[in-house]
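A quick write-up on the structure given underneath.
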Amino acid sequence: MIHIVTPENDFFYRKEMEQAFRLRHHQGLVKEMGWNNLPDEREIDQFDDKHTVHMLYIEQGEVLGYQRFLPSNHPHLLSEIMPELCEVERPVGPHIWEWTHFCVERGHREAGRAVSPITNMLLTAAVEWSLECGISQLIIQMNPTWLLCMIQLHFRPLPLGLPHRIGGEDVIAVLASFDEQTLSRLREMRGTRRRVLPEAQQRPALLHA
C-alpha cells in the first residue's frame, strides 16, 4: 500500500522512514552521485524538511519503494545541487514540484521489465496525488535512456538542457507534464482503474488555496 508522509503525520512513520532512508542510501543518489562519505547507511539531505512530501510503498511492514516531492519555490536539487542541468529559465511555481529519489527494493524489480508492479504503483500514486493537489508538472533528474519510457507511459518530458556526466552516469533534467491520459495509461498497464491512494489526500500546506 502507498503511504504519504508529511510533517503533519511523520511521527506515525518513524520506523518506516528509517527504512526509506536506508533504501535511498543503497539504491538512490548516494551511489549514483558519489555521496559515499555519509556517517551511516541512511541518506538524508538538507531538503528533507517541513516542505517535503514522502511516498512509501509498504508491504507487511517493509518499505519496498520510495519517492520524494519538493516544491519548486523552495530549495531543491535542481536549484541548489545541479543547476548546470538547466540551460533555460528554471521552472518555478506552485504547480511545479521536483520528483526525486525514486527507488524500488532490488529484490522486487523484474528483470527485463521496465515497469514492475511496485514501480507502477509509485508512478500512479505520483500522478493521482499531483492531479488532486493541482500539480501539473514535475522536475526530474534522470538518465536520458528513460525518456522513451516516460513517453510510452504518456508523460510529456521537456528537456531543460543537455545531459551532464554526474557520478559516472549521464543525467538530464526534464520538466514532465502529465494529465488524466497519463493516469489512464498507468491504470491500463496495471489492469485496473482502482486508485492506489487510499483516499483523497489533503493538499500540502504550500498548495492550500
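Mapping of the sequence shown onto the numbering used here: residues 32 to 240, in sequence order.
We treat Cβ as the ideally placed atom computed from N, Cα and C, and that holds for glycine.
It should be emphasised that the depicted structure is a prediction, and the values quoted were computed from it without experimental measurement.
Boundaries (first-last residue) of the alpha helix (DSSP H) holding residue i
| i | result |
| --- | --- |
| Ser215 | 211 to 221 |
| Gln183 | 178 to 183 |
| Val158 | 148 to 164 |
Residues that DSSP places opposite residue i in a beta bridge
| i | result |
| --- | --- |
| Glu200 | Ile197 |
| His34 | Leu87 |
Boundaries of the beta strand (DSSP E) in which residue i is found, first to last residue
| i | result |
| --- | --- |
| Thr131 | 127 to 135 |
| Glu90 | 84 to 90 |
| Glu93 | 93 to 102 |
Proximity of residue i and residue j at Cβ, strictly below 9 Å
| i | j | result |
| --- | --- | --- |
| Gln17 | His132 | The chain is shown only over 32 to 240; residue 17 falls outside these bounds and no answer can be derived. |
| Leu178 | Val205 | yes |
| Pro88 | Ile149 | For the sequence presented, residue 88 should be read as Tyr rather than Pro. Contact: yes. |
| Thr213 | Val123 | no |
| Ser100 | Glu74 | The question names Ser, yet the displayed sequence has Phe at residue 100. Not a contact, by the Cβ cut-off of 9 Å. |
| Leu95 | Val135 | yes |
| Gln77 | Pro106 | yes |
| Leu184 | Met220 | yes |
| Ile203 | Pro229 | no |
Helix, strand or coil at residue i [DSSP, three-state]
| i | result |
| --- | --- |
| Glu39 | coil |
| Ser167 | coil |
| Gln172 | strand |
| Leu108 | helix |
| Leu116 | helix |
| Arg45 | helix |
| Leu206 | strand |
| Arg187 | strand |
| Phe52 | helix |
Indicate whether the contact test is met: 3 or more Cβ pairs, each with one atom in the region 108 to 128 and one in the region 182 to 198, closer than 8 Å. yes
Validate contact between the region 147 to 155 and the region 102 to 115 using beta carbons, cut 8 Å, 3 pairs: no
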